[in-house]
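Scroll down for the structure; my scribbles are underneath it.
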Ligand code: DGJ
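In the working numbering, the protein residues as written are 1 to 753.
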């Protein structure tokens, strides 16, 4: 070999070494994070395999795959634990079952239209202008840009198009899906069901469904049941999200999944109007969740060229149990959904006057409460209902958004200034979508409420619902809110919504378009909030619907916090908050300390217990401070100052539910800060019987060799050694001395190594 040959072999060797080094670097980048975080196991991406017409989505721990089959349908292939693109080959429809279940029904489609003998739940159902009532969707083309994929499907005969959107959120383990239905025909098309997505789970015999139900003062009840053959429907027909059920689901394997182990498929819909999930198990063992606009009384006429966009449906998969499913959703909401994401501002400690004064809101009374609240360390003072119009009870005044001159003779400014002098910012209650018939607004515009002409208008809490689908009503609401916020230094609006719909008529619209009210109302509501926030970037909003009847990820895009329930009894709250955090982050979960006996159930719990329950979310006080004793004030000051040391961990940290209040009399939650420097544990004993001793609490998610300095809020921690290791906390566990009824404690662990 001559010198040139030696040099070129050397170059080739060096090049090989360089490639190896790059490869090693990439492997470290991809697989080392995988050891510490299940979410990072595969680079989140959407890959298109052109030859086979396959799309492979990698999202967190999950792989999701689908392709075009020989009939041209978009067929679902897989959703579950990670697999590589090489694991998928071409897509073939499934055989039918005798002459009864045709291949169109046994073959799981990504977005099935009702037609060609489909008996499973369709994603789309419509009537064409010529009376034909089927739609059979075939692949046309697609556009893939980074993490966004749009696939266009077309009816095999008509020019009806569906554009399916898929989005991966890198690092969040969430896949978003939605559909835009476009009328490319030259006539109107009437949509009767328009779903956001059909999610197909692997064929398996042992599925269990978790979902949330409730009613006023009893929201967020976690339900669990084995899925049998047939359809399980959870829904709202109320015009808003509702408290009867929440648009969240988790499905796992019976006997295999628990809080920290096993497969879970989960999702939530970003829509604040009527919605429906159909969870279907076919006799052949298939399982799917189809969700979107509720088809009940639904009708959306698309003019030629018009489209309807369905709400986003977010879903994920984990093999690490129900706790991890919640943590994925919490992180996703914090980093991608909430205003201010990826770092939504921390919630200040809040005082709200509702339970103290109800409608007796006036300047002197509110100033007295504000002074007492500020002495305790409260940072935000919120005036609730009763400050406007002739609002002396819930019979009148709603809709008349001028400051009541008898209660606030100089307007709101003197109170707001006083609140600022006391070092707090100011919040105000509004209920923009409603009107009392006994109001100037209703007397001037009786046609502004939703109604069926000639029929009675059913009242709820003596109020009617304004028809926000009307653009004039929308503009009116926007303009008074805009003025209110522009004229007063308001940091937070508490946006309430105290009833559901009746007589959802929109007589001013063409008869064929009147059912659009179900969609248009919510779109206009979103528009008002979005415009208000963009005109007043510092404004924050609390979402409330007589408690937690309008919490969903569509609302969470627009509000900074929510009011989960009017039930402030601390014991009930443990169950409510346990249910709430299955689906939503503690960051948004407002929790007040109120007076005893509690107004809802008459239960009296100690003030320490009430505080510690409220401190597991975003802390507020709702009691009548005029009546608090020195001892109660001392407890409050101590708790609030402790809360300020841990609130970033509670609101933005990683939540581990260590014990369920549903399953036992003892429950506990743990939070680990994002930087893993702080850990906080809360433990609650509801009622001790027969001297039963406390279980040892095993913490989770810590580094074994980390050392923590321990500070408990009281003397109920047995392991008072000053410093404890991660290994001790997780494997040995901590022991607590809780006794009797309604005992509780909190412990803070700060990492020293
Ligand atoms: C219902 C809310 O949930 C309460 O907190 C309070 O704001 C009342 N409405 C006021 O009417």
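Using N, Cα and C, we set each Cβ at its ideal position, and we do this for glycine too.
- Non-local C-beta neighbours of residue 121 in its own chain, meaning closer than 6 Å and more than five positions away in sequence, comprise 278, 280 and 290, ordered along the chain.
- Within its own chain, the residues whose Cβ lies closer than 8 Å to the Cβ of residue 645, once the five positions on either side in sequence are excluded, are 748, listed in chain order.
- When the Cα atoms are used, residue 550 and residue 635 turn out to be separated by approximately 33 Å.
- Any heavy atom of the ligand DGJ within less than 6 Å of a residue's beta carbon puts that residue on the list, which reads 354, 384, 385, 429, 496, 498, 544, 546, 547, 563 and 566.
- Residue 585 and residue 330 do touch by the CB rule: their CB atoms are close to 4 Å apart, below 8 Å.
- The three-state secondary structure of residue 662, taken from DSSP, is coil.
- In the same chain as residue 744, and ignoring 5 residues on each side of it, the C-beta atoms closer than 8 Å to its own belong to 608, 609, 612, 613, 682, 683, 684, 685 and 738, in chain order.
- The way I'd put it, the region 343 to 350 doesn't touch the region 305 to 322; fewer than three beta-carbon pairs between them come closer than 8 Å.
- Along the length of the region 616 to 652, whole alpha helix (DSSP H) runs at least 4 residues long occupy 630 to 652, reported in chain order.
- Of the other Cβ atoms in all chains shown, fewer than 16 fall within 10 Å of the Cβ of residue 752; this residue is therefore exposed.
- Just measuring C-alpha positions, the residue of 542, 233 and 79 sitting nearest residue 174 is 79.
- By the 16-neighbour rule on beta-carbons within 10 angstroms, residue 92 is exposed.
- Rounded to whole angstroms, the gap between the alpha carbons of residue 217 and residue 283 is 38 Å.
- Excluding the 5 residues flanking it on each side, residue 389 has same chain C-beta neighbours closer than 8 Å at 396, 397, 398, 399, 400, 401, 402, 404, 439 and 440, in chain order.
- DSSP places residue 145 inside the beta strand (DSSP E), whose first and last residues are 137 to 145.
- Within the DSSP secondary-structure output, residue 591 pairs in a beta bridge with 619.
- In the structure shown, residue 448 adopts helical secondary structure according to DSSP, grouped into three states.
- For residue 250, the enclosing beta strand (DSSP E) covers residues 248 to 253.
- Note that the region 246 to 255 does not touch the region 150 to 161; fewer than 3 beta-carbon pairs, one per stretch, sit closer than 8 Å.
- Residue environment analysis places residue 516 among the buried positions, since at least 16 neighbouring C-beta atoms fall within 10 angstroms of its C-beta.
- Note that the C-beta distance between residue 460 and residue 502 is below 9 Å.
- In the DSSP assignment, residue 573 falls within the alpha helix (DSSP H) that extends over 570 to 583.
- Selection 622, 538, 90 and 527 evaluated against residue 56 yields 90 as nearest (Cα-Cα).
- For residue 748, the uninterrupted beta strand (DSSP E) segment begins and ends at 741 to 751.
- Around the beta carbon of residue 623, 16 or more other beta carbons lie within 10 angstroms, which makes this residue buried.
- The shortest CA-to-CA distance from residue 604 to any of 632, 626 and 569 is the one to 569.
- Put simply, the backbone Cα of residue 151 is about 11 Å away from that of residue 111.
- If you draw a straight line from the Cα of residue 486 to the Cα of residue 480, it is about 10 Å long.
- In this chain, the beta strand (DSSP E) harbouring residue 707 covers 707 to 712.
- Of the other Cβ atoms in all chains shown, fewer than 16 fall within 10 Å of the Cβ of residue 446; this residue is therefore exposed.
- Here the alpha carbons of residue 274 and residue 119 stand approximately 24 Å from one another.
- Here the region 356 to 376 lies against the region 403 to 421, with 3 or more beta-carbon pairs under 8 Å apart.
- In the DSSP assignment, residue 478 falls within the unbroken alpha helix (DSSP H) covering 471 to 487.
- By the Cβ neighbour-count rule, residue 60 is buried, with 16 or more other Cβ atoms within 10 Å of its own.
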